[in-house]
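These notes concern the structure reproduced below.
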Amino acid sequence: MSIDLSSVILLDHVISKIALLLFLLVVLKFISKRLSKTGVSALKTFDKFFMKIHLPIGFAMIALALIHGVLSIYSIETVGWLPFVLGIVCMASCLIAVGSFYLRKKMNKSKHWLPVHQISTIIAFVTLIGHIVLAKNPEIFLV
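Below you can see the structure in the form of structure tokens.
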């Protein structure tokens, strides 16, 4: 049984869009925390909701991003190596964010792990933008 490349490409695109949506939901936790400090009770409820789903959505996003990385290997000849490097840096940044959460007790409770978590998320966000832009427009980087 052979797998049609067009089916792999379609599956890869669907998975990448879901992973992107999940990443944005994970990042919404940062925004909801800032909004909840305004004193509006509905925004505090919004933040509590995002706190509950933040971790499972993050794990789902990482799993889908890994699958996307494996499925998108077929496109390295058409988009070049830079989107792949940015994708790897983005994934590493996400894993550092997860690791900082699990190592928070060893990092002086909540004093030091949160900046590591936030900075790695910012790096992931920036590299994800570069990854998407270069994957969609590989001619930007190709000379």
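Residue numbering for the sequence shown follows our numbering, starting at 101 and increasing by one per position. Glycine included, every Cβ here is placed at the ideal spot set by N, Cα and C.
The three-state reading of DSSP puts ARG204 in coil, since its state is none of H, G, I, E or B. For the pair ALA235 and VAL185, the CB atoms are not nearer than the 8 Å cut-off. By the CB criterion at 8 Å, SER136 and PHE149 fall outside the cutoff. Considering only LYS133, ILE118, PHE225, the residue with the shortest C-alpha distance to ALA160 is ILE118. According to the DSSP assignment, SER106 belongs to the alpha helix (DSSP H) that extends over 105-136. Burial state of SER220 is buried, judged by a 10 Å Cβ sphere holding 16 or more other Cβ atoms. Between HIS231 and GLY199, the gap from beta carbon to beta carbon reaches 8 Å or more.
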